[in-house]
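Novice:
In the working numbering, the protein residues as written are 11 to 318.
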């Protein structure tokens, strides 16, 4: 049988007729008029090429074909009903749902401890799977492919055409670090001193030009980059054992075991903050389970949702 021509409402009508054995009562059961139920019965008879129900003194009686159909169709309708109900209701306290979160190193460090604690308290049986990525534009490909429910990173630079939505989670400001016994540590970190030092550049995406360099270029200035590396958390211990200076996100410095060996100073050049956002695909936007997961993450920070 070609399923493309089957109206699910006909199966609902059949189930009601089996239960009520009356066109009128079956119509009341599912909110249809008597003429509409009579029309549905006519279509059912044509579909299954059987009378299905015949009149008797005690009401409609199912044919053998109708009796054969009743149990499997009833099970199918019940399963469809449970599936649709699941998409409308979600009980985190009892759910064993699995979520996949893709994120870069820094949000993994600052956010995962909070998230796992929140899940332990609110949804102890859910499973959290973590995927890693480095380049911010990889988030779009991950979401397009359905490889993660959410990504967390700095916002992608490539156009997303409205299919990727986002919400800011937290911001990081920049600080400068040098070892406490650095020759320049005794004086103020003014711009001339800053430019005279050898710099460490952290670029997870492998670029050789960071926000500091952009700010300096706007003033017609350049710094000397002696070392560049993609691993942000490798930078503080390197700086603590060298004469290099680095400009890093404050959270990365605070999380480092080398922080007590470092002098932490404000940059002598104006820098913006770095915004980290969670992103998701539009196809998951209205799903109650996905919405709960996003709300759980956003509840860890006081932010308002925006569309990316």
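Every residue, glycine too, gets a C-beta built ideally from N, C-alpha and C.
For residue 317, does the three-state DSSP call read helix, strand or coil?
Specialist: Confidence is the limiting factor: at residue 317 the pLDDT is only 38, short of 50, which leaves the residue's position unreliable, though a coordinate-based value still follows. Note: residue 317 maps to coil in three-state DSSP.
Novice: Report the CB separation of residue 390 from residue 136 in whole angstroms; it is logged as a contact under 8 Å.
Specialist: No answer is possible for residue 390: the residues shown for the chain start at 11 and end at 318.
Novice: Pair every Cβ in the region 272-292 with every Cβ in the region 171-182, then say whether three or more of these pairs are closer than 8 Å.
Specialist: yes
Novice: Quick one: give me the first and last residue of the alpha helix (DSSP H) that residue 44 is part of.
Specialist: 44-58
Novice: Under DSSP, the alpha helix (DSSP H) around residue 29 begins and ends at which residues?
Specialist: 18-30
Novice: Of all the beta strand (DSSP E) runs that stay within the bounds of the region 126-192, which reach a length of 3 or more residues?
Specialist: 137-142, 160-163, 174-182 and 184-189
Novice: Whole angstroms are fine: how far does the CA of residue 113 sit from the CA of residue 141?
Specialist: 7 Å
Novice: By DSSP, does residue 207 sit in helix, in strand, or in coil?
Specialist: coil
Novice: Within its chain, find whatever has a CB closer than 6 Å to the CB of residue 237; leave out the 5 residues flanking it on each side and keep chain order.
Specialist: 210
Novice: Could you work out which residue in 74, 75 and 21 is closest to residue 50 when comparing CA atoms only?
Specialist: 21
Novice: In the DSSP assignment, find the alpha helix (DSSP H) that holds residue 262 and state where it starts and stops.
Specialist: 260-264
Novice: Please say whether residue 54 and residue 24 have beta carbons closer to each other than 8 Å?
Specialist: Against a cut-off of 8 Å, the Cβ pair of residue 54 and residue 24 comes out as a contact.
Novice: Taking the straight line between their C-alpha atoms, what separation do you get for residue 334 and residue 128?
Specialist: Nothing can be reported for residue 334, as the shown portion of the chain is limited to 11 through 318.
Novice: Residue 251: which of 192, 227 and 154 sits nearest, CA to CA?
Specialist: 192
Novice: Please list the terminal residues of the continuous beta strand (DSSP E) segment that includes residue 236.
Specialist: 234-239
Novice: Under 8 Å, do residue 147 and residue 123 count as touching if we go by C-beta distance?
Specialist: no
Novice: Using the three-state DSSP reduction, which class does residue 72 fall into: helix, strand or coil?
Specialist: strand
Novice: Find the nearest neighbour of residue 153 within the set 120, 138, 117 and 111, judged by alpha-carbon distance.
Specialist: 111
Novice: Between which two residues does the alpha helix (DSSP H) carrying residue 308 extend?
Specialist: 298-308
Novice: Would you call the CB atoms of residue 187 and residue 134 closer than 8 Å?
Specialist: no
Novice: CB-CB under 6 Å to residue 268, same chain, minus the five flanking residues each way: which ones, in chain order?
Specialist: 246, 247 and 250
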